[in-house]
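Asker: Quick mapping for you: the protein sequence lines, in order, are chains A and B. The numbering of the first sequence is numbering that gives the first Met the number 0, which starts it at 0 and goes up by one. The numbering of the second sequence is numbering that gives the first Met the number 0, which starts it at 0 and goes up by one.
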Amino acid sequence: MKITDACVYPYPYGDSSARRMALEAKALGFDRLVADGTQPGEYYGIEILSGILIRDTSVRDLTGRIKRERNNEAVVSVQAGDNGFNRSVINNKGVHILRGLHSADKYAFDHVAAKMAADNRVAIDLDLSPFISGRGFTRQRAMHRYRDILVLERRYEFPLTISSHARSILEMRAVREITGLCSVVGMDVPDVEKAFVGVDIITTPPDPSVKVI
Amino acid sequence: MSTRPPTLREKRRYLLVRIEPAGAFIDQKDLYYAVSEATTSLWGDVVAAVIMTAVVASDGQYVIIRCQRGTEQDLSIALSTITKCCDIRIALRMVSASGTIESLREKIRKIPTPSLELRSSCECMFDKKSFQTSQCNGQKIDVIEKGFKNTNRLFLTREDLEEL
Chain A
0 MKITDACVYP YPYGDSSARR MALEAKALGF DRLVADGTQP GEYYGIEILS
50 GILIRDTSVR DLTGRIKRER NNEAVVSVQA GDNGFNRSVI NNKGVHILRG
100 LHSADKYAFD HVAAKMAADN RVAIDLDLSP FISGRGFTRQ RAMHRYRDIL
150 VLERRYEFPL TISSHARSIL EMRAVREITG LCSVVGMDVP DVEKAFVGVD
200 IITTPPDPSV KVI
Chain B
0 MSTRPPTLRE KRRYLLVRIE PAGAFIDQKD LYYAVSEATT SLWGDVVAAV
50 IMTAVVASDG QYVIIRCQRG TEQDLSIALS TITKCCDIRI ALRMVSASGT
100 IESLREKIRK IPTPSLELRS SCECMFDKKS FQTSQCNGQK IDVIEKGFKN
150 TNRLFLTRED LEEL
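1) Are the CB atoms of S49 (chain A) and L155 (chain B) nearer to each other than 8 Å?
2) For F29 (chain A), does the count of other Cβ atoms within 10 angstroms reach 16, so buried, or fall short, so exposed?
3) Kindly indicate the opening and closing residues of the alpha helix (DSSP H) around F157 (chain A).
4) With a threshold of 8 Å on Cβ separation, who are the neighbours of R18 (chain A) within its own chain once the five nearest residues in sequence on each side are excluded?
5) For F130 (chain B), write down the residues that DSSP places opposite it in a beta bridge.
6) According to DSSP, is R3 (chain B) helix, strand or coil?
7) Please identify the residue among A:D118, A:F157, A:R140, A:R54 whose C-alpha is closest to the C-alpha of K193 (chain A).
8) Based on the DSSP secondary-structure assignment, which residues constitute the bridge partners of F154 (chain B)?
9) Mind checking whether the beta-carbon of I143 (chain B) lies closer than 7 Å to any heavy atom of the ligand ZN?
10) So which residues of chain B does I172 (chain A) contact, with C-beta pairs closer than 7 Å?
11) Report the partner residues of E41 (chain A) according to the DSSP bridge assignment.
12) Is it buried or exposed, Q60 (chain B), if we count other Cβ atoms within 10 angstroms and call 16 or more buried?
13) If you draw a straight line from the C-alpha of D26 (chain B) to the C-alpha of D141 (chain B), how long is it?
14) Output the distance between the C-alpha atoms of I271 (chain A) and G83 (chain A), rounded to the nearest integer angstrom.
15) Starting from the C-beta of R118 (chain B), find all residues in its chain whose C-beta is less than 7 Å away, skip the five residues before and the five after it, and write them out in chain order.
16) Should the region 167–184 of chain A be regarded as contacting the region 125–139 of chain A, the criterion being three or more beta carbon pairs within less than 8 Å?
17) So V174 (chain A) packs on I2 (chain A), CB below 8 Å; how close in whole Å?
18) In the region 12–44 of chain A, which residues sit with their C-beta less than 7 Å from some C-beta in chain B, listed in chain order?
19) Using the C-alpha atoms, what's the distance from V58 (chain A) back to G93 (chain A)?
20) Determine which residues of the region 138–149 of chain A have a Cβ less than 7 Å from any Cβ of chain B, and write them out in chain order.
21) How about R68 (chain B): is its C-beta nearer than 8 Å to some C-beta of chain A?
22) Using 8 Å as the cut-off, can you tell me whether the region 60–77 of chain B makes contact with the region 179–196 of chain A, which would need three or more C-beta pairs spanning the two stretches below that distance?
23) Have a look at A96 (chain B) and T70 (chain B) and give me their C-alpha separation to the nearest angstrom.
24) Output yes if chain A places a C-beta closer than 8 Å to the C-beta of R118 (chain B); else output no.
25) Nearest by alpha-carbon distance to H110 (chain A): which of A:D104, A:R154, A:A141 is it?
26) Check each candidate in A:Q38, A:I47, A:G13 and name the one with the smallest Cα separation from K25 (chain A).
27) Closer than 8 Å is the cut-off here; do at least three beta carbon pairs connect the region 98–111 of chain B with the region 4–21 of chain B?
28) P9 (chain A): buried (16+ other C-beta within 10 angstroms of its C-beta) or exposed?
29) Please state whether the Cβ-Cβ distance between S163 (chain A) and V7 (chain A) is less than 8 Å.
30) With which residues is C66 (chain B) paired in a DSSP beta bridge?
31) Just to make sure I have the definition right: I need the residues of chain B whose C-beta is within less than 9 Å of the C-beta of S132 (chain A). Which are they?
32) DSSP puts A96 (chain B) in a beta bridge; with which residues?
33) Between G197 (chain A) and A73 (chain A), how many whole angstroms is the CB-CB distance? I'm expecting something under 8 Å.
34) Taking the alpha-carbon of T137 (chain A) as reference, which of A:L100, A:A79, A:D199 has the nearest alpha-carbon?
35) Our contact map puts D124 (chain A) next to T160 (chain A) with C-beta atoms below 8 Å; I'd like the distance itself, whole angstroms only.
36) Confirm, please, whether the CB-CB distance from C121 (chain B) to L160 (chain B) is below 8 Å.
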């Protein structure tokens, strides 16, 4: 189980190269990064997984895009929309993470979507960038949404991931700092540890319910 | 007014914090305002009054920040929400906490000083663009694009430059 930052944006999306982010992640206590728009690899002992973020698209286009990306072994994540869209995304085989619920509609993620996420092993991402760089209403809304998501997570036990959405090494935070930030929304240390290894859960195939001996 | 006896004084703790990126010169007062704003914004005036934050010393890349004993965790969470100080992008990395300033100063002395080479005249290429080296520290290289318009700093490694 590797401690993973589930989304960073290296150069050209950000101002730091993937190698530099790996170097920084090592110093901050991470084992793995999911980097958008980067080739997978390993730098300075940190595993880099390639990430694909799909946003501003219809469900039909999304299905086609996921089919094309299925052989890439990339972590596929989709930007959340309204409730209907999110349910379709969660039902779609090949989607690993649903992101951006802090800025989505208030009813975008309900108990039905939570149950579906648990059944299909789709992770819900806790983006910490509104906590780090947001102030006032933006941060308050994110805190409120994450508290709501955590209530559903405790009931339905769908996977969670934690990401910094860092575009620079200056926006990356240490494991201890992230644990502190998550404590603001009521996550204790085991909860955070579980969320850090959420990428492991979604990228490994589930154990078959029937074993052939 | 006479000084209170030690048992009646407020118990304080000191945090040793490193400012990143290397070479960012931040005024102690400006940093205090940034820390104070971050603390108040995250915890509100009530908790900020309990934390009683103050930037008491700075030594190059390191600063020592004071708080009330028992509020170190709250302060360190607030410190992780600082992204800017006087329009300069920074990050504060917590290094250590202690009950005395002297022990933190001792700790700063023990931290091996990286061979920080300031080679502003060194030119390099990355992504088919020309850059000037700003800071070099081991594998880490910070560069600034040459020209008048784009003066943003890029954070690279030696391997990134060697690849081209």
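Ideal Cβ placement from N, Cα and C applies to all residues, glycine included.
Answerer: On the basis of the coordinates in this document:
1) no
2) buried
3) First-last for F157 (chain A): undefined, no H or E at that position.
4) Y42, Y43
5) B:C123, B:E144
6) coil
7) A:F157
8) A:S15, B:D141
9) In terms of ligand content, the structure shown is empty, and the ligand ZN therefore cannot be addressed.
10) Going by the sequence as given, residue 172 (chain A) is Arg instead of Ile. Neighbours of R172 (chain A) on chain B, chain order: S79.
11) A:E46
12) buried
13) 22 Å
14) The displayed coordinates of chain A run from 0 to 212. Any statement about residue 271 (chain A) would go beyond what the structure contains.
15) For R118 (chain B), the predicted model reports a pLDDT of 49, less than 50, meaning its position is unreliable; a value from the coordinates is still stated below. Excluding residues within five positions, the ones whose Cβ falls inside 7 Å are T132, C135.
16) yes
17) 6 Å
18) D14, S15, S16, R18, R19, L22
19) 13 Å
20) none
21) no
22) yes
23) 11 Å
24) Any reading at R118 (chain B) is ruled out, since the residue's pLDDT is 49, under 50, leaving its predicted position unreliable.
25) A:R154
26) A:I47
27) yes
28) buried
29) yes
30) B:R12
31) T80, T82, K83
32) B:L14
33) That pair is no contact at about 16 Å.
34) A:L100
35) 5 Å
36) no
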